[in-house]
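Under our numbering, think of the first position of the sequence shown as 580, with each following residue one higher. Every residue, glycine too, gets a C-beta built ideally from N, C-alpha and C.
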Amino acid sequence: MKGTPDNTVILHWDECGMSWGKLSWHDWVRFRGCALGRESLLAGAKAGEHYFLVCVLGDCGDLANVIPHKYVLSADARLVHGFDGLEQAERQEFCRLDLLPSPTIEDSERYKELDARSFTVNLPPAYTVQPLLQAMPGIAGAQPGAACWQFLSAIGISRSSAVAN
Numbered sequence: 580m581k582g583t584p585d586n587t588v589i590l591h592w593d594e595c596g597m598s599w600g601k602l603s604w605h606d607w608v609r610f611r612g613c614a615l616g617r618e619s620l621l622a623g624a625k626a627g628e629h630y631f632l633v634c635v636l637g638d639c640g641d642l643a644n645v646i647p648h649k650y651v652l653s654a655d656a657r658l659v660h661g662f663d664g665l666e667q668a669e670r671q672e673f674c675r676l677d678l679l680p681s682p683t684i685e686d687s688e689r690y691k692e693l694d695a696r697s698f699t700v701n702l703p704p705a706y707t708v709q710p711l712l713q714a715m716p717g718i719a720g721a722q723p724g725a726a727c728w729q730f731l732s733a734i735g736i737s738r739s740s741a742v743a744n
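Following this line, the structure appears as structure tokens:
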């Protein structure tokens, strides 16, 4: 399921407030440099590391997928660096493998290895998990086979703890 403004909630960790807040689709697109003018700006954000979660919701508002992002912002709230945990050569290899129409078993295994490293480096810190349970939309309705469980299990949330909240 692909995220659109209608089925996506973007959460941003506020280090000062120790809470997750919603970021509008417009602000997210502008921050990522996808809007007109291609400026990567997040108004009001302080310099340093920032964590974002792109929460894709299913047709019934259930959490379908979560895509973690980690960025460094400059003092003027501009995107300086995104994290993928890969060296330049590994990033090129990852992109090459992603485009293969019929990858070998070895290619698929290497792709999974690089993808897992890229995923893990973007996970939010453990101290953000408890506030996340309060802020994350649709978590109680997440289907057992949904893609969101890759993220949720990586941060220590099991199906039983998600339903309880």
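Residue(s) in a DSSP beta bridge with residue 633: Indexing the sequence shown from 1 puts residue 633 at position 54. 589, 646, per the DSSP bridge assignment.
For residue 527, which residues from the same chain have a beta carbon less than 7 Å from its beta carbon, with the 5 sequence-adjacent residues on both sides left out? Residue 527 cannot be examined here, being either before or after the span of the chain that is shown, 580 to 744.
If contact is defined by three or more beta carbon pairs under 8 Å, each pair taking one atom from either stretch, is the segment 702-719 in contact with the segment 627-641? Because the criterion of three Cβ pairs below 8 Å is met, the segment 627-641 and the segment 702-719 touch.
With 16 other CB atoms within 10 Å as the buried threshold, where does residue 674 fall? Here residue 674 refers to the residue found at position 95 when the sequence shown is read from its first residue. Around the beta-carbon of residue 674, fewer than 16 other beta-carbon atoms lie within 10 Å, marking it exposed.
My parser needs the alpha helix (DSSP H) runs of 4 or more residues fully inside the segment 644-727; what are they?
The segment 644-727 contains these whole alpha helix (DSSP H) runs: 667-678, 684-699, 708-714.
*asked:* Going by DSSP in three states, residue 732 sits in which element: helix, strand or coil?
replied: Taking the first residue of the sequence shown as 1, we reach residue 732 at position 153. In the three-state scheme derived from DSSP, where H, G and I count as helix and E and B as strand, residue 732 is classed as helix.
- How many Å lie between residue 705 and residue 734 at the Cα? The sequence position of residue 705 within the sequence shown is 126, counting from 1. The sequence position of residue 734 within the sequence shown is 155, counting from 1. About 7 Å.
Item to complete: Name the two residues that bound the continuous beta strand (DSSP E) containing residue 602.
Response: Within the sequence shown, the letter at position 23 stands for residue 602. Note, residue 602: beta strand (DSSP E), 598-602.
* Asked: To which residues of the same chain is residue 696 closer than 7 Å at the C-beta, ignoring the five residues directly before and after it?
  -> One-based indexing of the sequence shown puts residue 696 at position 117. Same-chain partners within the cutoff: 664, 665.
Given a threshold of 16 other Cβ atoms within 10 Å of its Cβ, counted over all protein chains shown, does residue 684 qualify as buried or as exposed?
Taking the sequence shown and counting its residues from 1, one reaches residue 684 at position 105. Flag for residue 684 reads exposed.
**Study point:** Burial state of residue 699 (16 or more Cβ within 10 Å)
**Key:** Here residue 699 refers to the residue found at position 120 of the sequence shown. That one is exposed.
**OP:** Determine the burial state of residue 680: buried for a count of at least 16 other Cβ atoms within 10 Å of its Cβ, exposed for fewer.
**Re:** Within the sequence shown, numbered from 1, the residue matching residue 680 stands at position 101. Residue 680 comes out exposed.
key: Proximity of residue 707 and residue 650 at Cβ, strictly below 8 Å   = Walking along the sequence shown from the start, residue 707 turns up at place 128. Walking along the sequence shown from the start, residue 650 turns up at place 71. Going by C-beta atoms, residue 707 is not nearer than 8 Å to residue 650.
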